[in-house]
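Below is one structure, written out as structure tokens; the observations come after it.
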Amino acid sequence: MQKEKHEKKESVKKDKETKLKIEIPITEEGRKEQDKEKAKRVEENMTELGKINNQLEEKRKELEELKKEIKKKEVEAKQPGKKAAKPKKKVEKKQDETFLNEIKEILARRSIELLNVEFFDKKEVFARIKTNGAEQLLAAYNRKKLDDSDILKAYKRAMSLGLSYYVISKGETSKKTKEAIEAYKKLAAIENIGSPLNIGENSQAVKTPEQ
Numbered sequence: 000m001q002k003e004k005h006e007k008k009e010s011v012k013k014d015k016e017t018k019l020k021i022e023i024p025i026t027e028e029g030r031k032e033q034d035k036e037k038a039k040r041v042e043e044n045m046t047e048l049g050k051i052n053n054q055l056e057e058k059r060k061e062l063e064e065l066k067k068e069i070k071k072k073e074v075e076a077k078q079p080g081k082k083a084a085k086p087k088k089k090v091e092k093k094q095d096e097t098f099l100n101e102i103k104e105i106l107a108r109r110s111i112e113l114l115n116v117e118f119f120d121k122k123e124v125f126a127r128i129k130t131n132g133a134e135q136l137l138a139a140y141n142r143k144k145l146d147d148s149d150i151l152k153a154y155k156r157a158m159s160l161g162l163s164y165y166v167i168s169k170g171e172t173s174k175k176t177k178e179a180i181e182a183y184k185k186l187a188a189i190e191n192i193g194s195p196l197n198i199g200e201n202s203q204a205v206k207t208p209e210q
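Numbering (numbering that gives the first Met the number 0), first residue to last: 0 to 210.
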């Protein structure tokens, strides 16, 4: 009996505490605190959701790249005969020696010693030769017509080597070039009109037979 009375008292006491809690009104400050807590939880949830979305986007991109790679390999597998293009090796073009060999034969027939080939291509040959005991520069041209620019070119190369020069050509010498050569042979001197004439006064001018 005493135990039952004690249990009833405890039950009544709990009911009163519960009613007391329910009947306590929530103040304005309490309501604001609750709203803040709710807003904080919502913000945390949104932040977490944003992180998850970013991770999903990264995974999506990785998946797209993987799909492209797989597709590329499938295409390559379907073309077994196609290989990656190898870089082409640069092949040095061998210089045409046809004209050079012709000149060598001519020199051999004339018993002219070939000392050294300075330059050659399919149109020109410049070589050191020895004839009558004297060294000269041979300028050979594979042209239909020889002009004064060819003569001047041979002259400059010979002067750089300190040699006299000898010119041969497959073609004819132009009339203009022949006239220029004859004119140079007869040339006594070239001087500036503004300077005093030094002919006959130990100048570098060439004296004519009349002088």
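Glycine included, each C-beta is placed from N, C-alpha and C at the ideal position.
Open item on the list: For residue 173, which residues in the same chain have their Cβ closer than 7 Å to its Cβ, ignoring the five residues on either side in sequence?
Closed with: 144, 145 and 146
Open item on the list: Beta-carbon within less than 8 Å of residue 97's beta-carbon, same chain only, minus the 5 sequence neighbours each way: which residues are those?
Closed with: 121
Task: C-alpha gap between residue 93 and residue 169, whole angstroms - done: 23 Å
Task: Alpha-carbon to alpha-carbon, residue 56 and residue 75 - done: 29 Å
- [ ] Give me whichever residues DSSP pairs with residue 167 in a beta bridge.
- [x] 139
Task: Contact set for residue 116: own chain, Cβ-Cβ below 6 Å, skip 5 residues either direction - done: 126
- [ ] For residue 207, collect the residues of the same chain with a Cβ closer than 8 Å to its Cβ; drop the 5 residues on either side in sequence, then sort them by chain order.
- [x] Note on residue 207: pLDDT 40, under 50, position unreliable in the model; no value is reported.
Task: Through-space distance from residue 37 to residue 44, alpha-carbon basis - done: 11 Å
- [ ] Write down the C-beta distance between residue 166 and residue 138 rounded to the nearest angstrom, noting that I regard them as a contact closer than 8 Å.
- [x] 5 Å
Task: Spatial distance of residue 163 from residue 142 (CA atoms) - done: 22 Å
TODO: With a 10 Å radius around its C-beta and 16 neighbouring C-beta atoms as the bar for buried, classify residue 149 as buried or exposed.
DONE: buried
- [ ] Would you please state the rounded distance, in angstroms, between the beta carbons of residue 129 and residue 112? I believe it to be under 8 Å.
- [x] 4 Å
Open item on the list: What residue range does the alpha helix (DSSP H) around residue 55 cover?
Closed with: 27-77
Task: Exposure of residue 135, with buried meaning 16 or more beta-carbon neighbours within 10 Å - done: buried
TODO: Give me the Cα-Cα distance between residue 193 and residue 109, rounded to the nearest whole angstrom.
DONE: 50 Å
- [ ] Kindly indicate which three-state DSSP category residue 160 falls into: helix, strand or coil?
- [x] helix
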